[in-house]
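Engineer: These protein sequence lines map, in sequence, to chains Y and H. Basically the numbering used here = 1-based index in the first sequence + 3. Basically the numbering used here = 1-based index in the second sequence + 3. Below: one structure in structure tokens.
Protein chains: 2
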Amino acid sequence: MEDNSIQQALLADTPNVLQRKPSEGAKRFRRSMSTPSSDPVQTPHEKGSSLKAKELFKEMRPSFRLVGFLLFIYLLVGVIIFYCVMDQISGKQTNRVLDALYFCIVTMTTVGYGDLVPDNDTTKLLACAFVFMGMAIIALFVSKSADYLVEKQEVLFFKALHMNMKGGEAKMLRAIETNRTKYKFYTNALLLVIAIVSGTVFLWKVEKLSLVDSFYCVCATVTTLGYGDKSFSSKLGRIFAIFWIIMSTIIMAQFFMYLAEIYTERRQKMLAKWVLTRRITKMDLEAADLDDDRQVGAAEFVVYKLKELGKISQEEISSFLEEFDKLDVDHSGTLSPYDLTLAQSNQ
Amino acid sequence: MEDNSIQQALLADTPNVLQRKPSEGAKRFRRSMSTPSSDPVQTPHEKGSSLKAKELFKEMRPSFRLVGFLLFIYLLVGVIIFYCVMDQISGKQTNRVLDALYFCIVTMTTVGYGDLVPDNDTTKLLACAFVFMGMAIIALFVSKSADYLVEKQEVLFFKALHMNMKGGEAKMLRAIETNRTKYKFYTNALLLVIAIVSGTVFLWKVEKLSLVDSFYCVCATVTTLGYGDKSFSSKLGRIFAIFWIIMSTIIMAQFFMYLAEIYTERRQKMLAKWVLTRRITKMDLEAADLDDDRQVGAAEFVVYKLKELGKISQEEISSFLEEFDKLDVDHSGTLSPYDLTLAQSNQ
């Protein structure tokens with residue numbers, strides 16, 4: 004029974020940050036973890052406040068829809084402008100609207116084949132303005148679509164893990180955390196292979212390039228190299244290119260992003276392991292002792308280790324402590340319901 | 004006197020994470036901050052352990068030198084290979100070695116003008132291999148040179164701030180933290196302007212392009228667009244291009260990197276402000292109370308706020324607490340020198 008409730012508490016992702024398994028030392032606390040003293044509303048409320056913070060955080064980032072809308076406006080304006088100046092663009096032309104859109108995509112992704120190039124000064128300066136704006140939008144899109152991809156697949160991911168995992172919940176939670184980046188990376192790698200194969204087959208079969216030339220053109224495109232000796236020259240080819248170029252260059256950028264993420268994560272885990280297993284000395288205890296009672300409590304230990312890991316800065320801790328001092332109305336060195344009552348009566 | 008010692012302690016960046024100004028509540032603690040109880044060796048030792056962690060962290064990242072060495076090897080191998088197959092590369096050629104190096108740089112930065120393009124299958128596949136490897140090295144270089152730039156200028160930065168700042172040390176420390184990203188961004192923006200102006204002037208005066216064409220070619224290069232209708236065609240131009248292209252594309256990439264960093268920082272500050280000033284309820288106190296003594300100490304408050312901010316995960320806290328339990332040999336719920344003595348005698 005007791006084990007079960009703890010299990011549920013862990014699964015519910017409660018923000019009660021220091022909930023422990025009873026086997027690991029609950030008995031040493033003055034009030035046991037398994038006998039909640041008060042308020043049954045506690046958990047929902049905590050969840051609420053934590054969710055609010057997360058939602059605020061999300062709201063402050065431009066949403067996926069907003070970035071999609073920006074991209075749409077950018078392309079719409081681009082097509083209208085380059086449609087008007089298409090006579091000042093030299094190169095093999097097919098359909099005027101299609102070519103304007105194709106030129107926008109090739110420019111904003113910085114592929115820049117050069118199969119369509121501006122021919123007079125105005126058009127050249129327009130292209131300059133468009134490439135800078137386009138780069139910013141693509142950069143936003145890369146980060147946003149990565150989030151979107153992950154959010155969509157997280158459910159699937161959790162289910163897959165639940166099916167195969169045996170063992171404790173802590174172990175499962177740890178496995179989820181550990182594998183999340185790897186899972187994102189593998190999904191992305193698969194998408195990259197699909198992009199490369201589909202592009203190569205298209206150029207080979209539809210644009211009638213040789214197999215090597217097709218692969219060469221695909222590599223030159225996904226990396227945004229775009230020598231331009233091989234490119235999409237048919238009407239059908241440019242329709243395909245509009246969608247394929249934007250997808251494949253974003254996938255390629257994400258590939259490098261996730262690779263860096265995996266590397267960083269591994270580095271941080273190594274550091275964390277080293278910091279955690281490092282031998283503790285009396286000097287460490289002195290340094291970790293916040294309230295100078297010559298003892299280091301669990302929370303003091305956590306804060307000390309976080310500082311050592313470089314996870315929090317002195318600045319952050321100072322601002323937290325300032326807030327703590329404000330809340331500690333009775334200056335007892337701890338916060339208790341009495342402080343809250345005092346604060347309310349003062350107002 | 005007392006104020007001075009606190010001042011020095013703050014400036015010395017001691018890892019004593021919860022050192023406070025005496026005015027902010029030192030008197031509530033059982034032992035005052037300004038009367039250090041013990042070991043005079045404390046501070047140097049703490050510094051030592053914190054530095055060790057930081058150095059380990061640095062060692063685990065490939066150093067700036069290693070990345071520079073990788074770049075050198077990459078270019079050396081590239082020059083040798085493309086020197087040998089230069090007959091299979093079509094386009095305006097100047098000096099065989101210079102052209103091989105120029106081709107490598109234009110390829111690895113993904114500028115890809117297309118003024119020199121591989122002409123047979125082997126050379127095309129070689130170029131494919133080189134662009135992927137080159138991208139990875141450039142990505143490493145972008146992140147490393149950013150660190151290098153900042154490290155070099157941090158001293159200067161600190162001095163400049165010390166000259167102008169009035170007021171408390173906490174305020175100064177906060178100002179340094181706040182402005183660091185902005186400072187990096189401004190330095191980078193200045194470098195970008197220098198790169199754009201120098202490139203434009205060079206193309207205008209040496210390559211004899213028109214002023215608009217020069218600026219157009221510069222924009223097409225720094226963004227790695229590289230249409231290729233305008234490029235470096237003279238011997239002198241390609242010597243300049245080798246250095247200028249690699250510098251300017253890296254500076255441009257960093258520009259976007261710092262822009263994203265400033266944005267993220269501002270977002271996090273807004274979230275932190277919201278989380279910190281949010282009204283605290285009795286339920287929050289319950290949730291934050293780690294040791295269930297119905298009081299929330301300063302360290303418990305810090306840990307709770309960090310969890311709310313999403314700065315630390317349940318997984319991390321659990322691993323910290325596991326380590327804490329191991330260290331707490333006498334199961335008192337706190338660490339004291341007695342625990343360390345017990346642990347030693349057990350071994």
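Cβ atoms here follow ideal geometry from the backbone N, Cα and C, with glycine treated the same way.
With a 10 Å radius around its C-beta and 16 neighbouring C-beta atoms as the bar for buried, classify residue 187 of chain Y as buried or exposed.
Structural biologist: buried
Engineer: Does the Cβ-Cβ distance between residue 199 of chain Y and residue 225 of chain Y come in under 8 Å?
Structural biologist: yes
Engineer: Taking 8 Å as the threshold (C-beta atoms), are residue 210 of chain Y and residue 235 of chain Y in contact?
Structural biologist: Remark: C-beta atoms of residue 235 of chain Y and residue 210 of chain Y approach each other more closely than 8 Å.
Engineer: Roughly how many angstroms lie between the CA atoms of residue 99 of chain Y and residue 227 of chain H, to the nearest whole one?
Structural biologist: 26 Å
Engineer: Checking 8 Å against the spacing of the C-beta atoms, do residue 1 of chain H and residue 91 of chain H come in under that value?
Structural biologist: In the structure displayed, chain H extends from 4 to 350; residue 1 of chain H sits before or after that span and is not available.
Engineer: Counting C-beta neighbours from all protein chains within 10 Å, is the total for residue 40 of chain Y 16 or more, i.e. buried, or is it exposed?
Structural biologist: Reliability of the predicted coordinates at residue 40 of chain Y is poor, the pLDDT of 37 falling under 50, and the value obtained from them is presented with this limitation in mind. It is exposed - the Cβ of residue 40 of chain Y has fewer than 16 other Cβ atoms within 10 Å.
Engineer: Taking residue 120 of chain Y as part of the beta strand (DSSP E), name the residues at either end of that continuous run.
Structural biologist: 119 to 121
Engineer: Using 8 Å as the threshold, is the region 322 to 329 of chain H in touch with the region 310 to 327 of chain Y, meaning 3 or more CB pairs across them?
Structural biologist: no
Engineer: Just how far apart, CA to CA, sit residue 140 of chain H and residue 195 of chain Y?
Structural biologist: 20 Å
Engineer: Would residue 239 of chain H be called buried (16 or more neighbouring beta carbons within 10 Å of its own) or exposed?
Structural biologist: exposed
Engineer: In this structure, how does DSSP classify residue 69 of chain Y when only helix, strand and coil are distinguished?
Structural biologist: Correct three-state label for residue 69 of chain Y: helix.
Engineer: On a CA-only basis, which of Y:132, Y:67, Y:223 and Y:142 is nearest residue 129 of chain H? Give me that one, please.
Structural biologist: With distances taken between Cα atoms, residue 129 of chain H lies closest to Y:223.
Engineer: Are residue 333 of chain Y and residue 341 of chain Y touching if we call contact CB-CB under 8 Å?
Structural biologist: yes
Engineer: Within a Cβ cutoff of 7 Å, which residues of the same chain sit near residue 249 of chain H, ignoring the five residues on either side of it in sequence?
Structural biologist: 108 and 112
Engineer: Which runs of the alpha helix (DSSP H) fall wholly inside the region 68 to 145 of chain H and span at least 4 residues, in chain order?
Structural biologist: 99 to 111
Engineer: Examine chain Y for any beta-carbon lying closer than 8 Å to the beta-carbon of residue 185 of chain H, and answer yes or no.
Structural biologist: no
Engineer: At the level of alpha carbons, what is the spacing between residue 344 of chain H and residue 185 of chain Y?
Structural biologist: 42 Å
Engineer: What are the boundary residues of the alpha helix (DSSP H) that residue 248 of chain Y is part of?
Structural biologist: 238 to 280
Engineer: Less than 8 Å between the CB atoms is what I'm expecting for residue 118 of chain Y and residue 231 of chain Y, so what's the real figure, rounded?
Structural biologist: 6 Å
Engineer: Using a Cβ-Cβ cutoff of less than 8 Å, which residues in the same chain neighbour residue 346 of chain H once the five nearest sequence positions on both sides are dropped?
Structural biologist: 330 and 332
Engineer: With a 10 Å radius around its C-beta and 16 neighbouring C-beta atoms as the bar for buried, classify residue 3 of chain H as buried or exposed.
Structural biologist: In this structure chain H extends from 4 to 350, so residue 3 of chain H is not present and cannot be described.
Engineer: Given a threshold of 16 other Cβ atoms within 10 Å of its Cβ, counted over all protein chains shown, does residue 138 of chain H qualify as buried or as exposed?
Structural biologist: buried
Engineer: In the DSSP output, what is residue 337 of chain H paired with across the bridge?
Structural biologist: Y:300
Engineer: Compute the distance between the beta-carbons of residue 294 of chain H and residue 256 of chain Y, then report whether it is under 8 Å.
Structural biologist: In this structure, residue 256 of chain Y does not lie closer than 8 Å to residue 294 of chain H by Cβ.
Engineer: Take residue 319 of chain H as the anchor and find which of Y:305, Y:319 and Y:321 has the nearest alpha-carbon.
Structural biologist: Of all alpha-carbon atoms in Y:305, Y:319 and Y:321, the one lying nearest the alpha-carbon of residue 319 of chain H is that of Y:305.
Engineer: For residue 75 of chain H, count neighbouring C-beta atoms within 10 Å of its own C-beta (all shown protein chains included) and say buried if the count is 16 or more, exposed if not.
Structural biologist: exposed
Engineer: What residues in its chain sit with their C-beta under 6 Å from that of residue 258 of chain Y, if we drop five residues either side in the sequence?
Structural biologist: 191 and 195
Engineer: Just the Cα atoms here: how many angstroms apart are residue 292 of chain Y and residue 307 of chain Y?
Structural biologist: 9 Å
Engineer: Going along chain H, which residues have a C-beta under 7 Å from residue 232 of chain Y?
Structural biologist: 117 and 120
Engineer: If you reduce the DSSP assignment to three classes, tell me which class residue 229 of chain H lands in.
Structural biologist: coil
Engineer: Is DSSP giving residue 285 of chain Y helix, strand or coil here?
Structural biologist: Helix, per DSSP.
Engineer: Can you tell me whether residue 105 of chain H is buried or exposed? The criterion is at least 16 other CB atoms within 10 Å of its CB, across all chains shown.
Structural biologist: buried
Engineer: Can you tell which of Y:146, Y:145 and Y:81 has its C-alpha closest to the C-alpha of residue 134 of chain Y?
Structural biologist: Y:81
Engineer: Using the Cα positions of residue 114 of chain H and residue 114 of chain Y, report the straight-line distance between them to the nearest angstrom.
Structural biologist: 8 Å
Engineer: Are the CB atoms of residue 124 of chain H and residue 215 of chain Y nearer to each other than 8 Å?
Structural biologist: yes
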